[in-house]
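In what follows, a structure is listed as structure tokens, so that the remarks can point back to it.
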Amino acid sequence: MKTMDLTDARNEMVKHQIAGRGVKNRLVLDAMRKVPREAFLAEHFHELAYDDTPLPIAANQTISQPYIVAYMIESLGLKGGERVLEIGAGSGYAAAILAEIADEVFTVDRIAELAEKATATLRSINCLNVRVLHGDGTQGWPEHAPYDAIIVAAGGPRIPESLKSQLKIGGRMVIPVGLANASQQLLRITRISETNYQIKEIADVRFVPLIGEEGWQDEDEREAI
Ligand code: SAH
Numbered sequence: 038m039k040t041m042d043l044t045d046a047r048n049e050m051v052k053h054q055i056a057g058r059g060v061k062n063r064l065v066l067d068a069m070r071k072v073p074r075e076a077f078l079a080e081h082f083h084e085l086a087y088d089d090t091p092l093p094i095a096a097n098q099t100i101s102q103p104y105i106v107a108y109m110i111e112s113l114g115l116k117g118g119e120r121v122l123e124i125g126a127g128s129g130y131a132a133a134i135l136a137e138i139a140d141e142v143f144t145v146d147r148i149a150e151l152a153e154k155a156t157a158t159l160r161s162i163n164c165l166n167v168r169v170l171h172g173d174g175t176q177g178w179p180e181h182a183p184y185d186a187i188i189v190a191a192g193g194p195r196i197p198e199s200l201k202s203q204l205k206i207g208g209r210m211v212i213p214v215g216l217a218n219a220s221q222q223l224l225r226i227t228r229i230s231e232t233n234y235q236i237k238e239i240a241d242v243r244f245v246p247l248i249g250e251e252g253w254q255d256e257d258e259r260e261a262i
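If you're matching positions, the sequence shown starts at 38 in the working numbering and goes up one per residue.
What follows is the structure in structure tokens.
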């Protein structure tokens, strides 16, 4: 009975919060209808799983708002069959959505506890085409590069060069970038050639900090600005 209720809640969420707010891509909408967001949350948050809001996960981090996950993935323009890199695995939810569309998903988190938990959750829902790495995602995951698409779920002060270099020519990256705590621009970057990238601002967003070699040094550095 409970499972049934959540399936209804999920379909309603996709209809009103995702499609209702302008996400049109069929692959994205189908993926959002399929992946059980509650599986990525602590039990006491299950009833909030289909509210269109970010929610706390372990280590002071958040699972992103479903609409923004859908919007970011739609803006990657995936058609199916791709190899995708995600920075900021967090709960693993966005990776599971990506894995419904793409062929292979590689996701990185700097917090070991989250990387381990995401691995276990993804396995528990039988999502087998995602690989999770514990490490600094501002350096990408060079072993599996180049990627057709890169999605960054944390906001840094600039676009990491390592990520730009791991994008295929013709590939796309979405990343929040901004100096202030309160506001970041979501950028969509298309690699036009070996040396040229087209950059477009597509939304104002607010993400947790991207902390690493080519991001913020620590929580305090961004707080101080
Ligand atoms: N996509 C996630 C939400 C991620 S929240 C989901 O669907 O649940 C952002 C995540 O980015 C956090 O888990 C944080 O630990 C991680 N993060 C921040 N800086 C990072 C870095 N340099 N490399 C990898 N992960 C990073």
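Cβ coordinates follow ideal geometry from the N, Cα and C atoms, glycine included.
Quick one: does the C-beta of residue i sit closer than 8 angstroms to a heavy atom of ligand 1?
i       : result
Asp-173 : yes
Thr-99  : yes
Ile-124 : yes
Phe-143 : no
Pro-93  : no
Leu-159 : no
Ser-128 : yes
Gly-249 : yes
Asp-146 : yes
Ala-76  : no
Gly-252 : yes
Taking the continuous beta strand (DSSP E) assigned at residue i, which residues delimit it?
i       : result
Thr-90  : No beta strand (DSSP E) holds Thr-90; DSSP gives it neither H nor E.
Glu-238 : 234-242
Ile-226 : 221-228
Which residue wins for smallest C-alpha separation from residue i, given the options the options?
i       : options                               : result
Arg-195 : Glu-250, Gly-117, Ile-239 and Arg-160 : Glu-250
Leu-151 : Met-50, Leu-224 and Gln-98            : Gln-98
Val-116 : Ala-107, Phe-77 and Leu-64            : Val is not the amino acid found at residue 116; the sequence shown has Lys there. For Lys-116, the nearest C-alpha among the options comes from Leu-64.
Ala-56  : Thr-44, Pro-103, Pro-91 and Glu-80    : Pro-103
Ala-46  : Glu-80, Asp-88, Asn-62 and Ala-149    : Asp-88
Pro-91  : Glu-123, Ser-128, Ile-124 and Arg-147 : Ser-128
Ala-131 : Lys-205, Glu-198, Ala-182 and Ala-191 : Ala-191
Val-142 : Val-189, Glu-258, Asp-257 and Ser-101 : Val-189
Gln-221 : Pro-213, Arg-160 and Ser-161          : Pro-213
What span of residues does the alpha helix (DSSP H) with residue i cover, start to end?
i       : result
Lys-154 : 149-161
Ala-68  : 63-71
Val-106 : 103-112
Just grab the DSSP bridge partners of residue i for me.
i       : result
Ile-187 : Leu-122 and Met-210
Val-169 : Thr-144
Leu-204 : Tyr-184
Ile-134 : Looking at the DSSP assignment, Ile-134 forms no beta bridge with any residue, so it has no partner.
Trp-253 : Ile-248
Gly-193 : Val-214
Ile-100 : Leu-92
For my contact list, residue i and residue j are in at a C-beta cut-off of 8 angstroms; report their separation, rounded to the angstrom.
i       : j       : result
Leu-200 : Gly-177 : 5 angstroms
Leu-66  : Thr-175 : Not a contact, Cβ separation roughly 31 angstroms.
Tyr-184 : Gln-203 : 6 angstroms
Ile-138 : Val-72  : The pair is not a contact, with the Cβ atoms about 11 angstroms apart (cut-off 8 angstroms).
Glu-119 : Val-60  : Glu-119 to Val-60, Cβ: 18 angstroms. No contact.
For chain B, is any of its Cβ atoms less than 9 angstroms away from the one on residue i?
i       : result
Gln-203 : The question asks about chain B, but that chain is absent: this structure has only one protein chain.
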